[in-house]
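Here is the structure we will look at, set down as structure tokens.
Protein chains: 2
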Amino acid sequence: MKIAVLGYGTVGAGVVDVLTMNKGSITKRIGTEIDVKYVLDLRDFPGTIVENIVTHDIEDILNDPEVEIVVETMGGLKPAYEFTKRALSADKNVCTSNKELVAEHGVELCQIAAEHNVNYMFEASCGGGIPIIRALNTSLRQDEILEISGILNGTTNYIMTSMYDNGETFKEALKEAQEKGYAELHPEADLEGHDAQRKIAILSSLAYGHHLDYKKVPTEGIDQIRIQDIQYAKAMNMKIKLLATSQVAEEGTWAMVSPRLVDDQNILYHVDGVMNAVFVKGNALGDAMFYGSGAGSLPTASAVCADVLDCAQHPHETLKTDITAEPLAQMPTDQVKNTFFVRCSGGESQAKQVFGITDTMHVIDGEFGFWTPEMTEKDFTKKAAQVDGIIKFIRRG
Amino acid sequence: MKIAVLGYGTVGAGVVDVLTMNKGSITKRIGTEIDVKYVLDLRDFPGTIVENIVTHDIEDILNDPEVEIVVETMGGLKPAYEFTKRALSADKNVCTSNKELVAEHGVELCQIAAEHNVNYMFEASCGGGIPIIRALNTSLRQDEILEISGILNGTTNYIMTSMYDNGETFKEALKEAQEKGYAELHPEADLEGHDAQRKIAILSSLAYGHHLDYKKVPTEGIDQIRIQDIQYAKAMNMKIKLLATSQVAEEGTWAMVSPRLVDDQNILYHVDGVMNAVFVKGNALGDAMFYGSGAGSLPTASAVCADVLDCAQHPHETLKTDITAEPLAQMPTDQVKNTFFVRCSGGESQAKQVFGITDTMHVIDGEFGFWTPEMTEKDFTKKAAQVDGIIKFIRRG
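Taken in order, these protein sequences are the chains called C and U.
Numbering follows UniProt numbering, with no gaps: position 146 of the first sequence is 146.
Numbering follows UniProt numbering, with no gaps: position 182 of the second sequence is 182.
Here it is as structure tokens:
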């Protein structure tokens, strides 16, 4: 079985590494030997194991009938989208780690794959090495999924952990993450929650059997979290986590990405550093969690290779997934109920009256914080407008 | 697609419940309607949803060509072993939650299934609802698994948690667990580790691609854990967990079930109460953990139903699993390296000299505790024999 790898970056190189180092056991397990015949990249890689198989021309791959599986680890939409479409149309399976492309064009690409009796697989698009996509597609189909709540971005979780554990400011924690290679030079997509937004859209689409457009997921990042927020969290024995959540409520399904305060009874509280985790609640299964490395060369490559192995065993059979174009019915976000932790610089009696609360916390001089009762986002916004001096609020997770 | 359920106990009833309550979504997802045609039990169930489908005669099921899937939730070896063999030989798939049977005869039953182009599936045999079997069979095949370490028994984890959180004695915690239905009236198989022993044997056999005989897994339960041990654990910010472990070491693979002291950097530290979790380390994946309800009617039934759905989609195709009769090469247990926490009633200077340590802890009047350096089980046994007054020891997890 010959495969081609598009993009020899962190993940692409990891895929070649995994297939090389585990060749013996993989061949034994699936009964087929998998060989990397091409690596497509703009660069050459002299002196590496791929120096003799590098090509700069996608046509070499698309026109080679021996290549039955294409691994797309280029990232971004251009030219990944076009290359993927052309590979699928040439009856080649495509396995990808490219969450942007899956979130943007996954439905269409799965349809093209099905028309050609091949697969478009994307285990590595959510949660790095965590085998959550396959779990949703095969292990949890007997359940009605009621909730997914994930720590789906390692960069932001690393920053939150550094601020909590080491008392670092947001800027210090970000700088350290960049130095260690856990944050990109332009980390906005991570910090502002857009990476997690794409991932929760993909997971929700599979879990609920209807398509959730990532652009319709209200998203807030951690870029506004400051050390003062961490101080309150610590005083309450809680942590702040960037949670990507979707939930089936009585009034409909909602999805949201936002920083949330979680207590130590929540298993996600214990997911620290660059680790990722996906909490899933099923109507029979109950609470479950999948935990692992959310990024990194080998863990992400491991997930890509799981897809490659499935395709190698079924090169001309579309394995059933629940991805569909039919849109997921979302309830209006302003009707979603939450409790909110609010920090104010003043107006305590006003706040107590408006929100009908009695308890406030005084963790930082010159300000106070309090938890609202459960209420809709709409009601919260309305009430918050009546209180002077609100500095910020964080939802409960 | 017609199925039969053997044994209408907790799990069997759960299977009927899940297939009933989620019928719509299941039919949509797999494109086939699944109907329970028979329930085999010694009892009748008048006034329940199964009253009209109860049979007391296995021949009704075995002789009905319409039944393509048999769910075996009887537990124990007799008559489950015979019924399973006969069902498989009649070209019927069998899905089970029966860990005793899988651990004892799984290899043979998988072979019979393969000969008849059907499946013997056992997702529910390890970790209740946690989809760990399917993960090992499909999601992690690209990895060389280096370690599995699981909290695989809810009864013992509940007792450990009660002793830790509420300061209960072992007897009090056990009584409470029995009152709440988390421990059986005759809980020896759980308390002495035999339940976890079977489960780690099953998981290890799949992970390493060679058969691990459960009888060859050295096993110690929690029945000797006392409140004093918990006091030491607390003083060290650790917890005691019954861990079922197998690990690929340089010298070979070893497996063991024993209570272990784990610190809060270990994700298993945070798995409390009746919850189960399986930690897996892969050579590419790195660290991962699967967490969920280890028992209970609906969660366990959910796992059985995942198997039923797979069989319903592939009723006459044996899905590849790595179960094999070829035995796993185990290293001698006395060569396994550990560090040991030792409690002594006296002989402190002797202990320091024999184990070459300087630090001891004095948590309980009239005794002391200490950690040994890392050493083989054999060396530990030899040294321990030279120290008077050793009360007990617990390994590090």
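Ideal Cβ placement from N, Cα and C applies to all residues, glycine included.
Give me the Cα-Cα distance between residue i and residue j, rounded to the nearest whole angstrom.
i: U/Met74; j: U/Tyr8; result: 8 Å
i: U/Ala4; j: U/Ile145; result: 36 Å
i: U/Asp44; j: U/Thr138; result: 39 Å
i: U/Arg260; j: U/Ser297; result: 29 Å
i: U/Gly193; j: C/Ala329; result: 48 Å
i: C/Val262; j: U/Ile130; result: 23 Å
i: U/Asp365; j: U/Thr156; result: 28 Å
i: C/Gln197; j: U/Glu326; result: 46 Å
i: U/Ala124; j: U/Thr55; result: 24 Å
i: U/Ser258; j: U/Ser302; result: 29 Å
i: U/Tyr208; j: C/Arg29; result: 11 Å
i: C/Phe279; j: U/Leu285; result: 19 Å
i: U/Tyr38; j: U/Ala103; result: 27 Å
i: C/Ile267; j: C/Tyr164; result: 17 Å
i: U/Gln335; j: C/Val16; result: 36 Å
i: C/Ile132; j: C/Ser149; result: 12 Å
i: U/Ser246; j: U/Pro187; result: 24 Å
i: U/Lys2; j: U/Val67; result: 5 Å
i: C/Tyr269; j: U/Val304; result: 30 Å
i: U/Ile240; j: C/Ala201; result: 39 Å
i: residue 404 of chain U; j: U/Leu185; result: Coverage of chain U is limited to positions 1 through 397, which leaves residue 404 of chain U absent and any answer about it impossible.
i: residue 438 of chain U; j: C/Asp379; result: A query on residue 438 of chain U cannot be resolved here, the shown segment of chain U reaching from 1 to 397 and no further.
i: C/Val11; j: C/Thr300; result: 6 Å
i: U/Glu367; j: U/Ala295; result: 38 Å
i: U/Val248; j: U/Val18; result: 38 Å
i: U/Asp190; j: U/Asn153; result: 7 Å
i: C/Lys234; j: C/Gly167; result: 11 Å
i: C/Asp264; j: C/Lys337; result: 22 Å
i: C/Pro46; j: U/Met331; result: 42 Å
i: C/Phe340; j: U/Thr169; result: 40 Å
i: U/Asp272; j: U/His210; result: 31 Å
Hey, quick one: how far does the alpha helix (DSSP H) through residue i stretch, first residue to last?
i: C/Ala13; result: 10-21
i: U/Thr73; result: Looking at the DSSP string, U/Thr73 is not in any alpha helix (DSSP H), and its letter there is neither H nor E.
i: C/Met331; result: No alpha helix (DSSP H) holds C/Met331; DSSP gives it neither H nor E.
i: C/Cys311; result: 297-313
i: residue 424 of chain U; result: As displayed, chain U neither begins before 1 nor continues past 397, which places residue 424 of chain U out of reach and without an answer.
i: C/Ile61; result: 58-62
i: U/His105; result: 99-115
i: U/Lys171; result: 170-179
i: C/Ala135; result: Element bounds for C/Ala135: n/a, residue is neither H nor E.
i: C/Ala183; result: Run containing C/Ala183: none; DSSP gives neither H nor E here.
i: C/Asp190; result: 188-191
Since residue i is in the beta strand (DSSP E), which residue starts that stretch and which ends it?
i: U/Asp263; result: 252-263
i: U/Lys392; result: 390-396
i: C/Asn157; result: No beta strand (DSSP E) holds C/Asn157; the alpha helix (DSSP H) holding it covers 154-166.
i: C/Thr96; result: 93-96
i: residue 412 of chain U; result: Because residue 412 of chain U is not part of the residues shown, which for chain U are 1 to 397, the question remains open.
i: C/Lys320; result: C/Lys320 -> no beta strand (DSSP E), and no H or E assigned at all.
i: U/Asp379; result: No beta strand (DSSP E) contains U/Asp379, which is instead part of the alpha helix (DSSP H) from 377-384.
i: C/Tyr81; result: Counting along the chain, C/Tyr81 falls outside any beta strand (DSSP E), though it belongs to the alpha helix (DSSP H) covering 80-89.
Tell me the DSSP bridge mates of residue i?
i: U/Leu147; result: Note that residue 147 of chain U is Glu in the sequence shown here, rather than Leu. According to DSSP, which records beta bridges pairwise, U/Glu147 is partnered with U/Gln247, U/Lys281.
i: C/Gly286; result: C/Gly282
i: C/Met236; result: DSSP output for C/Met236 lists no bridge partner at all.
i: C/Asp35; result: C/Lys2
i: residue 420 of chain U; result: Residue 420 of chain U cannot be examined here, being either before or after the span of chain U that is shown, 1 to 397.
i: U/Pro327; result: U/His211
i: C/Ile69; result: C/Ile3, C/Asn93
i: U/Thr55; result: U/Leu40
i: C/Tyr120; result: C/Val94
For the pair the region 253-272 of chain C and the region 175-185 of chain C, tell me if three or more CB-CB distances fall below 8 Å. The region 253-272 of chain C is not in contact with the region 175-185 of chain C.
Hey, is the region 153-167 of chain U in contact with the region 219-238 of chain U, meaning 3+ C-beta pairs nearer than 8 Å? Enough Cβ pairs lie closer than 8 Å, so yes.
Touching or not, the region 62-74 of chain U and the region 96-107 of chain U, by the rule of three or more beta carbon pairs under 8 Å? They touch, by the three-pair rule.
Taking contact to mean 3 or more Cβ pairs, one atom from each stretch, closer than 8 Å, check whether the region 111-122 of chain U and the region 306-320 of chain U are in contact. Taking one beta carbon from each stretch, the region 111-122 of chain U and the region 306-320 of chain U have 3 or more pairs nearer than 8 Å; the two touch.
Every unbroken alpha helix (DSSP H) within the region 343-374 of chain C, with a cutoff of 4 residues, ordered by chain: Counting whole runs of 4 or more residues, the region 343-374 of chain C contains the alpha helix (DSSP H) stretches 348-355.
On the three-pair Cβ rule with 8 Å, is the region 381-388 of chain C touching the region 333-351 of chain C? They touch, by the three-pair rule.
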